[in-house]
Structure formats: C-alpha cells, structure tokens
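Respectively, the protein sequence lines represent chains A and B.
All letters in the first sequence, in the order written, are residues 1 to 344 by the UniProt record's numbering.
All letters in the second sequence, in the order written, are residues 1 to 344 by the UniProt record's numbering.
Right, one structure below, let's go through it.
2 protein chains.
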Amino acid sequence: MKIGQATIKDIARELNLSASTISRALKDYPGISDETKKKVKEVAEKLNYRPNAIALSLRKSRSYTIGVIIPEVVHFFFSTVISGIEEVAFSRGYNVILTQTNEKLEREKSSINTMLSNQIDGFMISFSKETSDFDHFSQLLEQNYPIVFFDRVPDLDGAVNVIVDDYQGAYDATKHLIEQGYNTIAHLAGPKNLKICIERERGYRDALKAHQMPIREEFILECADGTPEHSKEITRKLIANFADKPDAIFANNDMVAAGAMMACKEAGLRIPEDVGIVGFSDWQICTLVDPSLSSVYQPGFQIGSKATELLLDMIEKKISADQIQSPVVLNTKLIMRKSSKKRE
Amino acid sequence: MKIGQATIKDIARELNLSASTISRALKDYPGISDETKKKVKEVAEKLNYRPNAIALSLRKSRSYTIGVIIPEVVHFFFSTVISGIEEVAFSRGYNVILTQTNEKLEREKSSINTMLSNQIDGFMISFSKETSDFDHFSQLLEQNYPIVFFDRVPDLDGAVNVIVDDYQGAYDATKHLIEQGYNTIAHLAGPKNLKICIERERGYRDALKAHQMPIREEFILECADGTPEHSKEITRKLIANFADKPDAIFANNDMVAAGAMMACKEAGLRIPEDVGIVGFSDWQICTLVDPSLSSVYQPGFQIGSKATELLLDMIEKKISADQIQSPVVLNTKLIMRKSSKKRE
DNA sequence: AAGGCTTATTCAAACGTTTGCAATAAAATC
DNA sequence: GATTTTATTGCAAACGTTTGAATAAGCCTT
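Here it is, written out as structure tokens:
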C-alpha cells in the first residue's frame with residue numbers, strides 16, 4: 001500500500017477538528033453544521049482522501065467481501081458463473097475473492113481457512129471432485145457462516161444450494177432424440193461421485209423408460225475425465241465392438257459430445273443421418289463444430305447471480321438460511337441444432 | 001463474520017498472560033519460554049484460534065491481496081491467465097481479488113478505486129477496449145503503486161508490461177501459409193485500438209513483404225467485435241465479391257477463424273485444399289472443429305504466472321519497476337493442424 | 001552484597017475507523 | 001438573570017494485531 005495516503009486524521013489536523021467530526025461530516029450525519037461538512041468535504045477532495053476499507057472492516061467486523069471457491073477457472077461453465085457472481089457482487093458493493101481448487105480437497109480446505117482469516121462475509125462454493133465427505137462444510141454451517149453452494153452441492157441440512165435441473169435437461173435431451181426417431185441411444189456418463197452426473201444419467205434412463213425403450217447397460221459408458229480425447233476413444237470402441245450399434249449418443253457434456261462426434265465422423269458415420277448427438281451445457285463450441293451440436297443450455301450466469309443474491313441477502317440478514325427452500329433449481333433448456341435433427 | 005471467533009486476547013485471558021506474549025509465542029519469537037509457547041499453542045488449538053488477517057493488514061499496512069482487473073472472465077484466454085495468477089498468488093500466500101470491467105472504462109476506474117480503498121498491495125491490469133487515455137494508470141504509477149499490465153498494455157513510462165510476441169506469432173502464421181503454397185492471403189483483423197491486434201497485422205504484412213508478396217488492402221478486413229457470426233458475414237462477402245478470391249485466411253483470433261471456416265464450407269470450398277486457415281490463440285475449439293484449426297498458441301497461463309511473479313517481487317521489494325526491462329515478451333508457438341496443411 | 005547480565009514477561013502505542021456519551025457554547029425560554 | 005433547550009463538537013474506547021521499550025526476577029561475578 002502506498003505510504004502517505006491521506007486519512008481522516010490528516011483532514012482533522014488540517015481543519016483543527018477531531019477525527020470523529022470528520023467521520024460524521026463525510027457521512028452526512030446529523031448534528032454537524034453544513035459549513036463544517038462543506039469544508040471537510042473540500043479538504044477530503046483536496047487531499048484525495050479515500051476511506052480505508054481495512055480499518056472499516058476491523059471496526060465493523062464486516063469485510064464486504066465474499067469468497068468464491070471453484071474447481072477451475074478455465075472452464076466455460078464456471079467462468080460464466082463467476083461472471084454472474086461478479087456482476088451482482090459489484091452492483092451491491094461487495095468484493096469477490098477468488099480461488100480455484102484444481103479439484104483438490106486439500107486446496108479447498110486451505111482456501112476456506114485463508115478466507116476465514118480474511119474475515120469474509122460469506123462463501124460461495126462449488127466443491128472439488130475429490131471432496132466426498134463434507135465435514136469441513138458442516139463445521140462452517142454450524143458456526144453460522146453464510147454459505148451458498150452452487151452446481152456441485154453437498155447433501156447437508158441447512159445448506160443453501162443453487163443448482164440446475166440436470167434431470168429434466170437430460171430427460172428432455174433423450175426424449176428429443178427418441179422423437180427424432182433414433183432407436184438405440186447410448187449415454188456417455190460423467191464421474192459417478194458428482195450428483196449432477198448421476199442426475200443426468202437418471203434423466204436419460206427415465207426418458208427411455210417413459211417411452212418403453214430398453215435400458216441397455218452396455219451402452220452407458222463412463223467418461224470420467226470429460227476430455228474429448230477420452231470420449232473419442234470410448235466412442236470408437238462403442239462403434240467397433242457392437243454389431244448392433246447405437247444410433248444416437250447423449251453425452252454428459254459438450255466436450256464429450258464433441259469427442260464422440262469426431263469418432264463417428266472418423267468411422268464414416270454421418271451426423272445426424274446415421275447418428276444423432278446431444279451434448280450438455282451449451283458451450284460456445286456447439287455452434288462452431290460441424291454439424292452444429294444440439295445441447296442442453298445451463299444458465300451459468302443466472303446460477304452465479306442468483307446464488308450471490310441469496311448469499312448477500314443472508315449476509316445482510318434480509319433472510320435466513322432456513323427461509324430459503326433449498327435447493328433452488330434453475331431451468332435448463334434444450335437447444336436443438338443440426339447434430340440431432342434427423343427429421344425436418 | 002462469525003461472532004465469537006477466538007482472538008489473541010481470549011488466549012491471553014485463559015492463560016493469564018498478556019496479548020503480546022501470545023502474539024510472540026504463536027510466532028515463535030525468541031524470548032518466550034518453551035513452556036509458555038507450548039501452552040499458548042495448545043490453547044490456540046483448543047479455541048480454534050485463527051489470526052485475523054484484517055487486523056494484521058491494518059497494523060502492517062499490507063493486505064497480502066492483489067487486485068486483478070480484466071475485461072471479461074468468460075473468455076478462454078483471460079480465464080487461463082487468471083488461472084496462472086491464482087496459482088502463483090496462492091503459492092506465495094496472497095489473495096486475489098477479481099473484477100471484470102465488461103470492456104467499460106467507467107468500471108475500470110471504479111474497480112481501481114475500490115481496490116485502493118481495500119488497500120491491496122498491487123494491481124494486475126489488462127485494460128478495456130474503451131480505454132484510450134491512461135491518466136488513471138499514470139496516477140497510480142506516480143504514487144508508486146506496484147502494477148503489472150498484461151496482454152493489453154499501455155505505453156507508459158515506468159509501466160511493467162507482460163505481453164506475448166504477437167508480431168512474431170502472426171509472422172510465423174503467415175509465413176507458414178506462404179510455405180504451404182497459398183498465394184493470396186487475406187487477414188481478418190481485430191479492433192485497431194488494441195495494440196495486440198495492430199502487432200498481429202504488422203506481423204502479417206511483414207511476412208508478406210519478406211516473401212515478395214503484394215499487400216492488398218482490400219483483403220485486410222477489420223472484424224472488430226471478434227464473433228464468429230460477424231466473421232462469417234465478412235468472409236461470405238470476401239468470397240462473393242472478388243473474382244480473384246484469396247486462397248488463405250489468417251484470422252486475428254480463433255473465433256474469427258472458426259467463423260471464416262464456416263463461411264468457406266458453406267460456399268463449398270474445401271479446407272485446406274481450396275482455402276487455408278490459421279487462427280490465433282489456440283483455444284480448445286481448435287481441436288474440435290473440422291478440420292482441426294491451425295493456430296498460434298499464446299501462453300496464457302505463463303502470462304498470468306510470470307506477471308504475478310513480477311508483481312509480488314515488486315511488492316516485496318525484491319526488485320523495483322525500473323530494474324525490470326519492460327515489456328516482458330513471451331514466445332508464441334505456431335501449432336499446425338489440418339486447416340492449413342495443403343502439403344504433406 | 002552490589003552491580004551487571006539473562007531471561008521472561010508486560011506496557012503502551014499504533015494502524016484508521018466508528019460511535020455512545022460527555023462537553024461546550026450559543027440560543028431560547030420563563 | 002437563571003435555567004432549559006438546541007446545536008455542534010470532542011473524548012475515549014473499541015475492533016485484533018504487532019513491536020519497541022520497560023520491568024521484574026533470577027543468576028552470576030567479583
């Protein structure tokens with residue numbers, strides 16, 4: 001920090017007034033004459049006075065800062081969420097302190113600790129893939145720290161969770177493929193320890209059931225790391241090993257879908273004529289691949305903004321956690337593009 | 001913040017010692033008996049003591065927090081840079097406070113102000129597209145605030161800038177197209193107020209010159225907003241209006257390249273046989289589009305980490321700004337993929 | 001036994017604010 | 001002219017920590 005930044009005391013000295021008077025004058029408290037207010041403000045301006053938020057925090061035991069903990073920043077979905085968080089936080093006068101865990105539990109815990117040390121007013125958390133027990137979260141909840149979980153959320157009493165309707169999204173996607181006339185729909189699933197992935201798989205299964213289609217376990221393949229390379233690999237095998245090939249693929253996310261798409265093209269299969277493909281998340285890549293990829297839109301920005309609204313309301317005691325019926329579920333939306341449109 | 005968080009005073013009361021002793025004991029200062037140290041640490045543990053970083057900041061006039069100001073979070077390049085920043089900051093014990101300007105100058109200024117209020121130890125800035133004069137930066141520099149600019153950097157005395165060798169990257173890309181036997185290379189340029197874009201265009205021009213190829217101004221088109229839609233539009237016209245069409249395109253970034261690719265396919269042109277395309281940045285999409293897109297890799301993570309290293313070194317007075325020869329230029333790397341490989 | 005070192009601890013001020021209460025002075029009331 | 005009211009300002013403590021200087025006790029030295 002810069003030495004010589006003007007403080008209230010400097011203004012006080014300059015005007016031969018006390019610090020308390022300056023403080024009140026700057027804040028337009030009643031009981032300060034208009035004349036002094038004016039003078040104080042002039043001098044403040046002249047000295048380029050800037051209130052010291054740290055001192056204020058210490059005094060008020062409030063930092064006007066929220067801590068955001070996410071698995072990774074370089075991720076279309078999460079960066080979109082951050083954007084929503086940042087937007088609301090900024091407009092309500094809060095700072096955002098950000099850390100990424102790189103999917104490491106240890107880092108998650110240590111981030112929580114530094115943030116606690118930094119007296120942040122509340123947490124926004126989407127936990128890492130490594131996180132399987134939630135004790136470190138329970139502790140925070142017990143101590144009444146305001147927390148909102150989003151996307152990857154724990155099953156904890158009293159936790160406020162903001163999620164997307166993964167089940168419905170997956171259901172819609174699968175239903176859409178069925179309605180387009182595809183008969184054997186495979187699913188490239190995500191890691192089983194993430195609820196969101198389980199929900200997507202559940203939506204997929206339920207849609208099949210609802211349309212009296214058999215669920216074939218050999219066509220549900222886990223593509224845990226979610227990279228296009230891995231998915232390409234898996235899809236290759238899927239195509240090669242089965243005489244009776246699937247004619248559609250519902251993928252757990254868009255990267256996986258893109259990988260599957262590459263494998264299909266490589267095998268000489270036409271999309272959407274021979275194989276229909278639907279992804280999940282509706283990333284930018286959907287409109288850039290050829291053919292354009294149908295996908296389930298997740299309102300990332302809204303997740304961020306909604307979650308932040310809730311958190312700030314909790315912090316400012318406008319509402320308490322138990323007044324919020326959790327989880328808050330935001331709607332997904334199926335975006336149909338070429339990759340799944342067999343029929344006109 | 002949670003009420004009832006244990007403080008040094010609480011430990012002091014419990015052990016009938018003074019606050020100063022506790023402080024020193026916790027920090028293993030000499031002059032405290034081993035016995036007391038032990039007792040203090042036990043009690044600290046028991047009470048779940050956590051140092052109050054805010055109080056520390058006030059005392060030390062140091063917040064161990066750096067402020068990051070970027071145009072937008074939802075952007076592959078910037079999110080990668082953030083990741084690099086976060087990594088280094090975390091490992092050196094600093095917090096990262098993040099704001100995005102959404103390309104608005106006003107927001108840039110106001111972010112600087114809140115960060116100043118929050119006594120951050122230094123700034124990392126990539127400025128907005130609206131920013132054309134740099135007075136608000138000069139002021140900070142004059143007051144000796146540590147700042148490192150990255151990617152979009154101002155021309156200011158005493159500023160430490162970290163950038164990528166855009167010129168060389170563009171030169172390499174263009175040279176590559178020439179060597180592949182393309183004869184008429186168009187350039188889809190970026191907004192002229194960003195130095196990075198001007199540099200890329202300059203690299204393109206110089207590569208043409210160096211190979212005795214004519215520079216045709218009608219084939220240098222500004223695609224200012226950088227969206228694939230816009231670029232598709234422009235490329236369509238480029239193809240339609242000229243009898244003597246370009247047979248290659250060097251785009252200012254990958255999105256623009258992807259848009260151009262779509263327009264070419266639409267017009268029935270084969271890539272890379274009829275048209276060669278090279279983008280810039282090497283985003284994820286490069287491997288997902290068909291054919292895969294050649295591009296110039298920008299080391300985003302390294303920009304972030306290098307810039308942060310420099311900033312923290314400045315903050316910790318290991319080096320001063322004038323000892324750093326600015327700009328620090330990181331190398332780009334041409335990644336050749338299918339979209340530009342006419343020859344084997 | 002008095003002075004001088006060590007060792008262990010405490011005191012008090014400081015960082016920049018805010019805020020309940022007290023103090024002062026001027027003005028208004030009777 | 002004495003008393004109350006009103007308007008304006010100041011005092012001092014507090015938030016949690018660090019740190020230079022001061023203190024107190026114990027031990028050694030001569």
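Each residue gets a CB set at the ideal place from its N, CA and C atoms; glycine is no exception.
By the Cβ neighbour-count rule, Ile-319 of chain B is exposed, with fewer than 16 other Cβ atoms within 10 Å of its own. Contacts with chain A at 8 Å (Cβ-Cβ) do not include Asp-282 of chain B.
The Cβ-Cβ distance between Ser-231 of chain B and Ser-292 of chain B does not fall below 8 Å. Residue-level contact by beta carbon holds for Ala-258 of chain B and chain A, with a gap shorter than 8 Å.
Excluding residues up to 5 positions away in sequence, Asp-166, Tyr-167 lie with their Cβ nearer than 6 Å to the Cβ of Glu-199 of chain B in the same chain. Counting only runs of 3+ residues, the beta strand (DSSP E) found wholly inside the stretch 174-256 of chain A occupies 185-189, 220-222, 248-251, in chain order. The straight-line gap separating the alpha-carbon atoms of Arg-92 of chain A and Asn-144 of chain A is approximately 22 Å. Per DSSP, the beta bridge partners of Phe-280 of chain B are B:Val-296. Assignment of Gly-122 of chain A by DSSP, reduced to helix, strand and coil, places it in the strand class. DSSP places Gln-100 of chain A inside the beta strand (DSSP E), whose first and last residues are 95-100. Shown here, Thr-80 of chain A sits in a helix according to DSSP, grouped into three states.
For Ala-207 of chain B, the closest of B:His-187, B:Thr-235, B:Tyr-171 by C-alpha to C-alpha distance is B:Tyr-171.
Asp-151 of chain A places its beta carbon less than 8 Å from that of Ile-303 of chain A.
Interface with chain A (8 Å Cβ-Cβ cutoff): Leu-141 of chain B is excluded. With a threshold of 8 Å between beta carbons, Lys-265 of chain A makes contact with chain B. The continuous stretches of beta strand (DSSP E) do not include Lys-104 of chain B, and DSSP gives it neither H nor E. Per DSSP, the beta-bridge partners of Thr-65 of chain B are B:Asn-95. Distance from the CA of Val-148 of chain B to the CA of Gln-284 of chain B, rounded to the nearest whole angstrom, comes to 27 Å. At least one CB atom of chain A sits nearer than 8 Å to the CB of Asn-52 of chain B.
Around the CB of Lys-237 of chain B, fewer than 16 other CB atoms lie within 10 Å, so the residue is classed as exposed.
Cα atoms of Thr-7 of chain B and Lys-60 of chain A: separation of roughly 16 Å, rounded to the nearest angstrom.
Taken through DSSP and simplified to helix, strand or coil, Leu-330 of chain A comes out as strand.
Phe-250 of chain B has its alpha-carbon roughly 9 Å from the corresponding atom of Ser-295 of chain B.
The beta-carbon distance between Thr-101 of chain A and Glu-108 of chain A, rounded to whole angstroms, is 5 Å. This is short enough to meet the 8 Å contact definition. By the criterion of at least three beta-carbon pairs nearer than 8 Å, the stretch 64-81 of chain A is not in contact with the stretch 25-43 of chain A. Contact annotation: Ile-66 of chain B and Val-43 of chain B have beta-carbon atoms that are not nearer than 8 Å. For Thr-184 of chain B, the closest C-alpha among the options B:Arg-216, B:Asp-157, B:Ala-173, B:Asn-161 is that of B:Arg-216.
Closest in C-alpha terms to Asn-193 of chain A, from the list A:Gly-169, A:Cys-223, A:Glu-142, A:Pro-214, comes A:Cys-223. For the stretch 97-112 of chain A, the residues whose beta carbon sits under 7 Å from a beta carbon of chain B are, in order, Ile-97, Leu-98, Thr-99, Gln-100. In this structure, Lys-341 of chain A and Pro-272 of chain A form a Cβ contact; the two beta carbons are roughly 6 Å apart against a cut-off of 8 Å.
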